Amino acid sequence: NFADDSIYVEHLRTLPIDSVKEFLEELNKCFRNRKVASHLLNAESSRSHMLAMLKIEQKFRDGIVKTSNLNFGDLGVCVCLYLHLSKQFVVVLITAGSEDIRKALGDSPDPERLKEAIAINSSLTALTTCINDIVHKKKPTHRVHPLTHILKDSLGGNSKATVVVCCSSHMMNRNETIRTLRFAEAAKQVKNKAKINTELGKTAMQNRLKELERENKELNSKVVELQALLDVVRSQKRQTATENKLVGLKEMRQSATTSF
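Here is the structure:
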């Protein structure tokens, strides 16, 4: 939903995991769910991108309690009592390769394969454009495509990204390889200053509120003390001014008497 900047992808799931083994098992399921088809250059060509999000939560109370979730679209946070919550997301994105339609599909391409190739190239073009915008200090065009919209935090947001590209050394693939390497070179220039995502729980917020109320009370007391001190200083200044004025008047009177 581009209107309110939210993302909804149909059929995505959120799965709880408790170990690296479970994570790898679920990741392998993602690989198996990818759509593949054959064309002139690849008998098992990927016809879709794969995106998995690993959400890691660290809850701090008396001790440290760590929980983790593997997220496929749903980035909701568990509701629980805690003093402090730290959230990290690991995004695993494996894109389908860019395709030279004539090389891959020939002069009489299958309509379905052609539609897929156009969609793949379109999404990769949007990704490249977004990265180039960031590199050239322009406002990133995240919302031009769902892929870049989902990856908004990874593209110049509050995260760190690692990009691995695959390319061929064969002369026949020279143009595609050059484009891929240029993409990688641009991606290397994206610099993010990532910060840890933290969130206070109900108890922590109550404690923080009490702390702020105590600080506010102490500051109010200091204000009263300073105001009283200021009143004393002002009173002393007025008294000094009055005394100086009286001295001046006495001196003028004595001077007038002497002259007479």
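Residue numbering for the sequence shown follows the UniProt record's numbering, beginning at 1 and increasing consecutively.
Cβ atoms here follow ideal geometry from the backbone N, Cα and C, with glycine treated the same way.
Predicted, not measured: the structure shown is a model, and the values here were computed from it.
Backbone CA spacing between residue i and residue j [nearest angstrom]
i	j	result
Asn192	Val91	15 Å
Cys167	Asp110	25 Å
Lys217	Pro140	46 Å
Lys160	Val223	46 Å
Lys195	Phe89	12 Å
Thr40	Glu112	One point to set straight first is that residue 40 is Leu, not Thr, in the sequence displayed. For Leu40 and Glu112, the distance between alpha carbons rounds to 14 Å.
Ala52	Ile150	11 Å
Val253	Thr240	What sits at residue 253 in the sequence shown is Arg, not Val. Approximately 20 Å between the Cα atoms of the pair.
Asn207	Leu226	29 Å
Ser235	Asn158	56 Å
Lys29	Asp18	17 Å
Lys245	Lys237	12 Å
Asn42	Val36	10 Å
Arg179	Val165	11 Å
Asn220	Leu209	16 Å
Lys250	Glu243	11 Å
Ser108	Lys21	45 Å
Asp133	Ala119	21 Å
Glu176	Gly106	16 Å
Val247	Ser255	12 Å
Leu127	Met205	40 Å
Pro146	Ser169	31 Å
Closest by C-alpha distance to residue i, when choosing among the options
i	options	result
Val135	Ile150, Met171, Phe183	Phe183
Leu54	Arg13, Gln239, Ala37	Arg13
Ala104	Met172, Val165, Leu151, Arg32	Met172
Leu155	Pro146, Val164, His142	His142
Thr129	Asn175, Ile118, Ser48, Val144	Val144
Lys137	Glu26, Val190, Glu176	Val190
Ile7	Asp133, Thr148, Leu246, Leu127	Thr148
Ala187	Asn42, Thr162, Ala43, Glu25	Thr162
His11	Asn33, Lys210, Thr177, Glu25	Asn33
Arg174	Glu211, Gly248, Glu99	Glu99
Residue environment, residue i, which counts as buried when at least 16 other CB atoms sit within 10 Å
i	result
Asp62	Because Asp62 carries a pLDDT of 45, less than 50, the predicted location of this residue cannot be relied on, and the following value inherits that uncertainty. With fewer than 16 Cβ atoms within 10 Å of its Cβ, Asp62 is classed as exposed.
Glu215	exposed
Ala117	buried
Glu57	buried
Ala228	exposed
Leu181	exposed
Leu230	exposed
Ile64	At Ile64, the pLDDT of 38 sits below 50, so the modelled position is not reliable; the number obtained from the coordinates is stated separately. Under this definition Ile64 is an exposed residue.
Val212	It is Leu, not Val, that sits at residue 212 in the sequence shown. Classification for Leu212: exposed.
Val9	exposed
Rounded distance between the beta-carbons of residue j and residue i, thought under 8 Å
i	j	result
Ser45	Ser38	7 Å
Leu114	Ile131	Their Cβ separation, rounded to whole angstroms, is 26 Å, which puts Leu114 and Ile131 out of contact at 8 Å.
Met50	Phe23	With a Cβ gap of about 15 Å, Met50 and Phe23 do not count as contacting.
Glu26	Leu15	6 Å
Notebook entry, point to check: Should the segment 121–138 be regarded as contacting the segment 95–108, the criterion being three or more beta carbon pairs within less than 8 Å?
Noted result: Here the segment 121–138 makes contact with the segment 95–108; the two share three or more CB pairs at distances below 8 Å.
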